[in-house]
Amino acid sequence: MEYKSKNVEDTFTLATKLAQIIPYGSIILLNGDLGAGKTTFVQGFGKALGIKTPITSPTFTILKKYAIDANHELVHVDAYRLENSVFMELEEEITPNNIVFIEWSNFLLNQEILHEFFAIDIHYLSKNQRKFVFRAQGEKYQKIFNQVIECINCI
Numbered sequence: 008m009e010y011k012s013k014n015v016e017d018t019f020t021l022a023t024k025l026a027q028i029i030p031y032g033s034i035i036l037l038n039g040d041l042g043a044g045k046t047t048f049v050q051g052f053g054k055a056l057g058i059k060t061p062i063t064s065p066t067f068t069i070l071k072k073y074a075i076d077a078n079h080e081l082v083h084v085d086a087y088r089l090e091n092s093v094f095m096e097l098e099e100e101i102t103p104n105n106i107v108f109i110e111w112s113n114f115l116l117n118q119e120i121l122h123e124f125f126a127i128d129i130h131y132l133s134k135n136q137r138k139f140v141f142r143a144q145g146e147k148y149q150k151i152f153n154q155v156i157e158c159i160n161c162i
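In the working numbering, the protein residues as written are 8 to 162.
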């Protein structure tokens, strides 16, 4: 399943819709080249959840956390340079109370924590346009995938 975004506003619309579907406790893998829009998507998703803190790329800090409310966090990870100590911290963040976004997840595909996931591959089409391709692995995420298909057909 795929969705084509004409501009940043379309990307934010998509992220807002998915924020209404994807439950706490989810792992979302984001893949795409530099500048594809991975962080932009997370910004739109976080805004839809009510996060006021500016969401920035985790490239240099590797792992960033943003409070959604007193009990829930959005965790944003860059797996490109993920080291073992940070990987252990990431494992601790995968809880029923958090939503975890992992950029460059292809660097983690052999890790046990990724046996079930929802994945979004973002493809650069032009300066403003992107193509989002959705994949799911595992029963929980297949249900989310089916909801995403219904949602995208309504955008």
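In this text, a Cβ means the ideal position worked out from N, Cα and C, and glycines have one as well. All values derive from a computational prediction rather than experimental measurement.
- DSSP, read as helix, strand or coil, puts Asp-17 in helix.
- Asn-113 and Asn-38 have their C-alpha atoms spaced approximately 7 Å apart.
- In this structure Ala-126 is buried. Its beta-carbon is surrounded by 16 or more other beta-carbon atoms within 10 angstroms.
- Counting along the chain, no beta strand (DSSP E) covers Ile-58, and no H or E run does either.
- Fewer than three beta-carbon pairs drawn from the region 67-86 and the region 129-149 are found closer than 8 Å, and the two stretches are therefore not classed as touching.
- Out of Ile-162, Leu-36 and Asp-17, the CA that lies nearest to the CA of Asp-85 is found in Leu-36.
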